[in-house]
Every structure is written in C-alpha cells, then in structure tokens.
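One structure is given here, and the rest of the page talks about it.
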Ligand SMILES: Cc1cc2nc3c(=O)[nH]c(=O)nc-3n(C[C@H](O)[C@H](O)[C@H](O)COP(=O)(O)O)c2cc1C
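Next comes the structure, spelled out in structure tokens:
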C-alpha cells in the first residue's frame, strides 16, 4: 500500500450551518435548513478540493435546553446517501454508534452506501456518551466496557464485510450473477453479539468503509490506534497537536501498523476576512453576554461537576466551583471534556467571561486571520507533524475558506488531486494500492 504523506487531508462538516458563526443575516435566512442548501455546500466542498464531508451525530434531544436549536431535518446516513447523488468524488463520513445499533444493520448500511456512492463511504465509529434513555434497557455501559463492546462490534463488522468472497459476484455482458457457494456465513458468537448469516447484499467498491474514530480517553485512543484509518481530535495549539500526533502514531506502530495508514485530523474553526482586524472582530462578535451565558449553561449540563450555574460573567471563579482531577477521572461519560475544561478553569484569577471565551471551541484549534495567515498556520501544523490535515468544523464563511484559503494551500503544493487512478475514498487518501 503506498500511503505517503505528501498532501493534506481535508474534511468538512456536511452542514452549511456550521459556517455562519458571527453572520447574523445568514443565521436568519429561512433557506438555510433546506436540502438545496446542503447540496450546494457538498458540491462546493467537492469542487474546492475537500477529501470528504462528515456528519456528526448524537442520539438524544437535549430537553434541558431553554430553546431547542432549530436543526435541519436530516440524520447522517440518509443525508449523506442523498448527497452522494449530487457529488462524484468526495468521501461521505457517516456517524453510527456502537452502543445503540447492531453490527448487522450498520455493516449493511455501509455496504449499501458504498454501492450507492461508487466507493466513497466512511464510518465515524462512536461509542456515545448520552442518549441511553432512548434505547432498550436505558443503560449506558461504563467507558471501558463501551469500548470492549465496540471492539467486538468491529470484529463482527469486518467479518460481515469479508463474507462475500472472490467469485461470489461475476460480471458479464448479460449483467451480473451471484454465486452463493462463495458467500461465507458469519457464524459469530461473542459476549455482546451473535450473527449467523452473511450480508444479503454484495460489497461495494471499497468492501468496507474508511474507519474514522475520535477517542480521547486511554481506552478510546487504543481503540483508534487499532481500528481507525482517520482520527479526529481536539488539540488547541501546535504543542498539544504534535504531542497527540506522536502519541497516536506510536500507539499504532507499536500495534504493528504503518504510521502513514492512520491520518490524524484535528478539528478546526476558521475565521477568515480580508484583514486580521476584521477576522478578529467577527470572531469576538460571538461573545455577547447572552451567548456566553448559554455556553455556561451548556457546560453545566454536559459537565455537572462544574458548579457554575449561579456565577456571573465578571466574577472570578471560586476554587470550590471546580472539581478535582481525581473526581473527573472517574466520570464515565465524556471524561476528556471535564479534564479539558479543568485546565482552563484553574487559571489563576480568571473571570468566568475570560474562561468561557477562551474555551469557546472546546479545545479545537481556532484560526483567525486573513486567507494567507490561516493557510500559513495550516501549513505549519502539517510540516511540524502536528496533523495530517484537518476537519473543518466551523467558522464564519465556508465560501471564503473554499475560494480563498484552499487556493493558497494548493499553491503551496499541500492540496492536490489524489494519485492518478484513485477511484475510491480510501484510495484518494491512502494511494491506489489501498
Ligand atoms: C471532531 C470530533 C467529532 C466527533 N463527533 C462525534 C459524534 O458525532 N458523535 C459522538 O457521539 N461523539 C463524537 N465525538 C466524540 C468522540 O467520539 C469521543 O467520544 C470523545 O472524543 C471522547 O473520547 P472518549 O469516548 O474516548 O472519552 C467527536 C469528537 C471529535 C474530536
């Protein structure tokens, strides 16, 4: 497999609404949740040179929210299946949870997506950390066991994708023919799953989707090192990026994998404008008292050990409001988030306003500047081996990123067409032998 490191891998959120931050007019446009808007966004991502579009997913309605954020009426699988019919090259990364689905369903979804899209499916494997009240026994397994179950889930899925052997499908002028003698039963019986039969649909061009993962706990990182081809992460600065990158590549190689076969993509928010001052103004325009208080409440909901509910924005944060590290290390939901928040909240003398403004993107890299300075920073991360690319998750203008930042990255030789002959998403990222 030729999987050199000669180009940036760029993934964009498949939701155009992630890119209207600081843009009041766009946020009021009734057209913004229509499928036409999503199609236009996917097409622009593809023509600009993104390798893939990605739809995150969390399976639960946050009823505590005072005002439920209006959402487009699409979940990831059906949305990206629809977008596959309006695009021809870009990868399609769908989130599915191993806690709330069965492997037979999900393996089948991705085989279907691969057939629908001509080999462009990707699976963001998540273990989920809330939403359990909507499924079966209403329980969320403890973190370590969630990942053990996910590991078994992957073993079943790989087996299902391998079930249709060479010879099971043959093509001729008369059409295609299936031969059941070459289809192997799955016959899997583990601690969590039992699957007897093979899939009932033939494999797509990739056979299995590109596996994407974003674990942050020890268990999550080990899971990513074993299974992921692309890893999403949240690293706010170059040092944190380089440390994460080195750690994950070491975990992968110590398990016998080639470091180039696992691409590390930090989340990126980009605020781009003709001058640095304009970009800064747009970025800071988000920090109204109302938005910051909403953000405070969001933290209280997601990380209830932080006692911030009654705090005013301009009050220094009392030590008693912040949980200890030991306490946070015992959290079974999103453990990494509490630890990240703690590192910001323990800065001496900081007011709530200062902390909320600095942790506003939850530890994801935020670049604010002109197209040139943003492109230069991206190039620096790649050169310093702090990333193999980025997942663009938000900002003020997707148009500006596509039309102004990417051409500079192209001129630097960092964004370029996949190798000649690459037909699938996996081949575009890892080379034609993949
Ligand atoms: C860019 C990015 C995207 C993510 N998307 C999702 C998602 O769609 N659904 C989800 O449940 N978790 C998502 N996560 C969270 C991770 O799957 C994971 O739960 C989290 O990073 C904490 O790691 P841990 O589970 O090992 O504690 C995402 C994380 C990152 C960095």
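Residue numbers (the numbering used here): 2 to 435.
Cβ atoms here follow ideal geometry from the backbone N, Cα and C, with glycine treated the same way.
These numbers were taken from a predicted model, which means no experiment stands behind them.
**Request:** Give me whichever residues DSSP pairs with residue 214 in a beta bridge.
**Result:** Answer is 126 and 232.
Is DSSP giving residue 156 helix, strand or coil here? helix
Is residue 268 near ligand 1, judged by its Cβ being under 6 Å from some heavy atom? For residue 268, the shortest C-beta to heavy atom distance toward ligand 1 is below 6 Å.
Report yes if the C-beta of residue 183 is less than 6 Å from at least one heavy atom of ligand 1; otherwise report no.
no
| message | If I follow the unbroken beta strand (DSSP E) through residue 265, where does it start and stop? | response | Its beta strand (DSSP E) spans residues 264 to 273.
ask   = Which two residues bound the contiguous beta strand (DSSP E) that contains residue 10?
value = 10 to 14
Measuring CB atoms only, is the region 187 to 200 touching the region 208 to 215, in the sense that at least three cross pairs come out at less than 8 Å? Below 8 Å, too few C-beta pairs join the region 187 to 200 and the region 208 to 215 to call them touching: fewer than three.
Length of the line joining the Cα atoms of residue 22 and residue 55
Taking the straight line joining both Cα atoms gives about 19 Å.
Quick check: does the Cβ of residue 58 come within less than 6 Å of any heavy atom belonging to ligand 3? With respect to ligand 3, the structure shown offers nothing to examine, as its ligands consist of ligand 1.
Per DSSP, cross-strand counterpart(s) of residue 39: In the DSSP output, where bridge partners are listed per residue, residue 39 has none listed.
So if DSSP puts residue 97 in a beta bridge, which residue, or which two residues, is it bridged to? 126
*asked:* For a test of the three-state rule: what should DSSP assign to residue 60, helix, strand or coil?
replied: coil
Counting Cβ pairs closer than 8 Å, one from the region 200 to 207 and one from the region 361 to 379, do we hit at least three?
no
Alpha helix (DSSP H) segment containing residue 79, residue limits: Going by DSSP, residue 79 is part of the alpha helix (DSSP H) stretching over 77 to 85.
If residue 407 and residue 49 are in contact, beta carbons under 8 Å, what's the gap, nearest whole angstrom?
Between the beta-carbon of residue 407 and that of residue 49 there is about 5 Å, and that keeps the pair under the 8 Å contact cut.
Quick check on residue 329 - is its C-beta less than 7 Å from some C-beta in chain D? Of the protein chains in the structure, only one exists, and it is not chain D.
Alpha-carbon to alpha-carbon, residue 59 and residue 417: 33 Å
Requested in this report: Go through its chain and collect everything with a Cβ distance to residue 17's Cβ below 6 Å, but skip five positions before and after it.
Outcome: 38 and 42
Suppose the cutoff is 6 Å on Cβ atoms and the five residues either side in sequence are ignored; what does the same chain contact list for residue 341 look like? Around residue 341: 364.
| said: With the cut-off set at 7 Å, would you say residue 409 and residue 387 are in Cβ contact? | reply: no
### Query
Three or more C-beta pairs closer than 8 Å, one from the region 84 to 97 and one from the region 180 to 191: is that the case here?
no
Query raised in the report: Which first and last residues belong to the beta strand (DSSP E) in which residue 171 is found?
Result: 170 to 173
Check your understanding: Grouping DSSP H, G and I as helix and E and B as strand, with all else coil, what is residue 204?
Key -> coil
Cα-Cα separation between residue 349 and residue 75, rounded to whole angstroms = Their Cα atoms are separated by approximately 43 Å.
**Asked** Distance, Cα to Cα, residue 114 vs residue 256?
**Response** 30 Å
* To do: Enumerate in chain order the residues of its own chain whose CB-to-CB distance from residue 67 is below 7 Å, with the five nearest sequence positions on each side excluded.
  => Unreliable positioning characterises residue 67 in this predicted model, as indicated by a pLDDT of 45, which lies under 50. The coordinate reading is nonetheless provided below. Hits under 7 Å: none found.
By the 10 Å Cβ neighbour count, where 16 or more other Cβ atoms means buried, how is residue 428 classified, buried or exposed?
Residue 428 counts as buried, since at least 16 other C-beta atoms from the protein chains shown sit within 10 angstroms of its C-beta.
Q. Who are residue 285's beta bridge partners in DSSP?
A. Per DSSP, none; premise fails for residue 285.
Checking 7 Å against the spacing of the C-beta atoms, do residue 109 and residue 200 come in under that value?
Result yes, Cβ atoms of residue 109 and residue 200 sit closer than 7 Å.
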